[in-house]
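Sequential numbering of the sequence shown, starting at 509, is according to this note's numbering.
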Amino acid sequence: MFKPRRVPKTRLTFRRKLRDCEAAEHQMCKAIAALGTLAGVDVGMGSGPADMDDLLILAAHQCNFDDAEFMDGPCCFEFVRNVVDADILKLQADAVAQGLASYIRQHGDDASIAAAGRQLALVDGAFSWLKKSVAGR
509 MFKPRRVPKT RLTFRRKLRD CEAAEHQMCK AIAALGTLAG VDVGMGSGPA DMDDLLILAA
569 HQCNFDDAEF MDGPCCFEFV RNVVDADILK LQADAVAQGL ASYIRQHGDD ASIAAAGRQL
629 ALVDGAFSWL KKSVAGR
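In structure tokens:
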């Protein structure tokens with residue numbers, strides 16, 4: 509049976525300005541790890557609900573340690589050279605983030621669903637910053 513986890517605090521993260529690629533990637537990873545926590549994944553140990561895809565559990569576990577191997581490893585934002593590269597990374601991150609959010613929508617309570625929406629906004633914000641920084645080069 510699905511047991512919702514505590515809702516991660518995200519208020520401070522919304523007020524923080526992103527200064528570089530490392531900060532944007534860190535925000536994205538923490539948001540995906542928080543989605544995993546909301547979905548019932550033990551992000552520290554890499555275990556989760558039996559009815560969840562193993563790749564989603566693994567991605568949430570990796571993001572807990574800022575090591576997004578599912579997106580070609582840590583520091584992947586540093587290697588983005590153009591908007592197309594940013595879009596490719598966004599598609600990879602969205603597959604995981606939307607998969608976790610879908611699981612939360614199916615099995616979570618209203619507070620978890622609202623928190624998942626905030627985490628998705630943080631992922632979108634990180635990629636929005638990345639695209640702006642690449643376009644300005």
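Note that CB positions come from ideal geometry on N, CA and C, so glycine has one too.
Computed from a predicted structure; not experimentally measured.
Residue i burial status per 10 Å Cβ neighbour count (16 or more: buried)
i	result
GLY644	exposed
SER620	buried
PHE585	buried
GLN606	exposed
VAL588	buried
CYS583	exposed
ARG527	exposed
MET553	exposed
GLY581	exposed
ARG519	Unreliable positioning characterises ARG519 in this predicted model, as indicated by a pLDDT of 45, which lies under 50. The coordinate reading is nonetheless provided below. Exposed.
VAL604	buried
VAL457	The first residue shown for the chain is 509 and the last is 645, placing residue 457 beyond what the model contains.
Reduced DSSP secondary structure (H/G/I, E/B, other) of residue i
i	result
ASP617	coil
ASP632	helix
ARG519	Its pLDDT being 45, under 50, ARG519 is placed unreliably by the model, and the measurement read from it follows with that caveat. It is helical.
GLU526	The sequence given here has Leu at residue 526, not Glu. Note: LEU526 maps to coil in three-state DSSP.
ASN590	coil
ALA601	helix
ALA643	helix
CYS583	coil
PHE573	coil
MET509	Residue placement at MET509 is poorly supported in this model, since its pLDDT is 47, which falls under 50; the coordinates still yield a value, given next. DSSP places MET509 in coil when its eight states are reduced to three.
GLY625	helix
ASP595	helix
ASP457	Past the edges of the chain, shown from 509 to 645, lies residue 457, and the structure says nothing about it.
Per DSSP, cross-strand counterpart(s) of residue i
i	result
ASP550	SER555
Pair within 7 Å by beta-carbon distance, residue i and residue j
i	j	result
LEU564	LEU630	no
ILE612	ALA547	yes
LYS525	ALA594	no
GLN614	ALA539	no
ALA624	MET536	no
ALA622	ASN572	no
ALA568	VAL551	yes
MET579	LEU599	no
ASP575	HIS534	no
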